[in-house]
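Residue numbers (this note's numbering), protein chains in the order written: chain A, 1 to 117; chain B, 118 to 204.
Let me begin by presenting the structure, written as structure tokens, before commenting on it.
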């Protein structure tokens, strides 16, 4: 809600910032979660996708063709090294606007994936 | 299992910038003293050596890259937020 030229208007927060001459500051987080998973990176990502689908009802969960899973605006990727192929490093990246969900997901994935997937 | 958060309540937009020296002083006050500062064309990268964490400070953005240390992440988040305006 902004007051300008003696009139009151409802605008989007982004528009309000612009009209006030301010620029938005993006606060982002990237967290690494390590898991022992004797599967390929791709299979691990599929397992994460299936797990999140069953835990998170009502959220938009997408499996992107470039090898990432997205929950709302949170991006999840899986990597591993040739030396330790079973040690998966899961990268979660989110912005402050998705803070609760990002924090929840990093805590959830830290507990590992259920074996029945 | 802990319940997922309710569908997202909007967070305030952030504005402003995080100034390097005052931010370093704040980290110091919170016991984070081993910080290597690297200059980049867009700003600075802070390497928190003991914590294995990076903080990228730029004029219009801050990126915190950490291991799975949730207490540390939330502490750093709150320290960054002190310098920003919430709208």
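No residue lacks a Cβ here, since even glycine has one placed at the ideal position from N, Cα and C.
The structure presented is a predicted model; accordingly, all values stated were derived computationally and were not measured.
{"Item": "Cβ-based contacts, 7 Å cut-off: residues of the segment 175-190 of chain B near chain A", "Value": "177, 178, 179, 180, 181, 182, 183, 184, 185, 187 and 190"}
{"Item": "Three-state secondary structure (DSSP) of residue 157(B)", "Value": "coil"}
{"Item": "Below-8 Å beta-carbon distance, residue 1(A) vs any chain B residue", "Value": "no"}
{"Item": "Distance between residue 79(A) and residue 142(B) (C-alpha atoms, nearest Å)", "Value": "35 Å"}
{"Item": "Per-residue contacts from residue 96(A) into chain B (C-beta, under 7 Å)", "Value": "128 and 131"}
{"Item": "C-alpha distance - residue 77(A) paired with residue 154(B), whole-angstrom precision", "Value": "28 Å"}
{"Item": "Exposure label - residue 3(A); buried when at least 16 CB within 10 Å", "Value": "exposed"}
{"Item": "First and last residue of the uninterrupted alpha helix (DSSP H) at residue 180(B)", "Value": "First-last for residue 180(B): 178-183, but that is the beta strand (DSSP E), not the alpha helix (DSSP H)."}
{"Item": "Burial state of residue 43(A), where buried means 16 or more other Cβ atoms lie within 10 Å", "Value": "exposed"}
{"Item": "Distance, residue 129(B) Cα to residue 17(A) Cα", "Value": "11 Å"}
{"Item": "Three-pair Cβ contact test at 8 Å for the segment 85-99 of chain A versus the segment 28-46 of chain A", "Value": "yes"}
{"Item": "Own chain, CB closer than 7 Å to residue 57(A), minus 5 neighbours either side, in chain order", "Value": "none"}
{"Item": "Chain A contact for residue 121(B) (CB, 8 Å cutoff)", "Value": "yes"}
{"Item": "Runs of beta strand (DSSP E) lying entirely within the segment 16-85 of chain A, each at least 3 residues, in chain order", "Value": "26-36, 61-64, 68-71 and 74-79"}
{"Item": "Chain-ordered neighbours of residue 110(A) on chain B, where CB pairs are closer than 8 Å", "Value": "185"}
{"Item": "Per-residue contacts from residue 9(A) into chain B (C-beta, under 7 Å)", "Value": "Those within 7 Å of residue 9(A) in chain B number zero; the least Cβ separation is about 15 Å."}
{"Item": "For residue 161(B) and residue 189(B), believed in contact at Cβ under 8 Å, the rounded distance", "Value": "Not confirmed; about 19 Å, so no contact."}
{"Item": "Residues that residue 164(B) bridges to, as DSSP identifies them", "Value": "153(B) and 171(B)"}
{"Item": "Contacts of residue 26(A) in chain B (Cβ-Cβ under 7 Å)", "Value": "177 and 178"}
{"Item": "Nearest residue (CA-CA) to residue 165(B), options 156(B), 151(B), 159(B) and 157(B)", "Value": "151(B)"}
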